[in-house]
Structure formats: structure tokens, C-alpha cells
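*Asks:*
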Amino acid sequence: MISTRYAPALCAIFALALIPTLIHSYAGVVVTDDRTTAAIPSSLAGFTSAPSDRAPGWGQRAFESFDWSERLYKAGGEEVLLTVIRSYDLKRLYHHPELDVAYGTGFLRQETRR
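What follows is the structure, encoded as C-alpha cells:
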């Protein structure tokens, strides 16, 4: 149990943690840093890529992001799906984003036997 004399200080500390949420989620203030997901090269380490078949509004709907990119990189028989999302909605980014990225995607089962 915590002493009540520390309650005002704890409330002030917790209120400080709300400032980024208020600024970015409710006020809609964003910082323009001249970075964009479109700057990611279409060829990386010998892999060439093509845009995925996601709908244009998917990133905005799933992550509240207007700057997102998803590309399928291929080289030989290997494939890598690279999804890059820039957003201020931390809850959507940190709480199981892999479920949103994998939704609608089929994964092949692979086993390693020794």
C-alpha cells in the first residue's frame, strides 16, 4: 500500500505520461521530419521487390497511419514481406501489430527434423 502523502506526486507523474497521447491522438499535431516509407529502395541485398496487394486505406484503418509501405522482396526461391508503418498511435503499433500485418495472409508450415 502506498502512503496518501505521495498521491499528488504520483498523479503529476502519471499526468506527464498523458501529454504525448493528448498531443498526437487528440490534438492531431504531428512532426514533419522529411522521412517517408517511400524512400525504402525497391532492391535490397540482391532482393527485388514489388508492392503488396493491400488496399490503399489498410494502413490508415489498421494503424492510423498515412505513411506506410508493404513490399514483397524476392530473390531466387526466397520471399520476404517487409511492412513499414509510421504512426503516432502507440496502442495500435505495440499491441499485437503482427496480427494486423498477418491478417488475410496464408503461411506455409515448415518443419525441421533432426
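Position in the sequence shown (from 1) plus 7 gives the number in the working numbering.
Glycine included, every Cβ here is placed at the ideal spot set by N, Cα and C.
Identify whether P63 lies in helix, strand or coil by the three-state DSSP scheme.
*Replies:* Taking the sequence shown and counting its residues from 1, the one referred to as residue 63 is at position 56. In the structure shown, P63 falls within a coil segment according to DSSP collapsed to helix, strand and coil.
*Asks:* What does DSSP give as the partner residue(s) for S56 in the beta ladder?
*Replies:* Locating residue 56 in the sequence shown gives position 49, where the first residue counts as 1. According to the DSSP secondary-structure assignment, S56 is paired through a beta bridge with Y80.
*Asks:* With DSSP as the reference, please indicate the residues paired to E85 in a beta bridge.
*Replies:* What you label residue 85 is simply residue 78 of the sequence shown in a count that begins at 1. Its beta-bridge partners are A82.
*Asks:* Looking only at DSSP bridge pairs, what is V91 linked to?
*Replies:* By one-based count along the sequence shown, residue 91 stands at place 84. For V91, which the question treats as bridged, DSSP gives the partners S76.
*Asks:* If you count every other CB in all the chains shown that lies within 10 Å of the CB of R121, and 16 or more means buried, which is it?
*Replies:* Working through the sequence shown from its first residue, we reach residue 121 at position 114. By the neighbour-count rule (16 or more Cβ atoms within 10 Å), R121 is not buried but exposed.
*Asks:* Have a look at A46 and P15 and give me their C-alpha separation to the nearest angstrom.
*Replies:* For this step, residue 46 is matched to residue 39 along the sequence shown. For this step, residue 15 is matched to residue 8 along the sequence shown. Roughly 46 Å between the two C-alpha positions.
*Asks:* Going by C-alpha to C-alpha distance, which of L106, I9 and S50 sits closest to A82?
*Replies:* For the purposes of this step, residue 82 is taken as residue 75 along the sequence shown, with counting starting at 1. Cα-wise, what sits closest to A82 is S50.
*Asks:* Check whether the region 58-65 and the region 30-45 touch, using three or more Cβ-Cβ pairs below 8 Å as the test.
*Replies:* no
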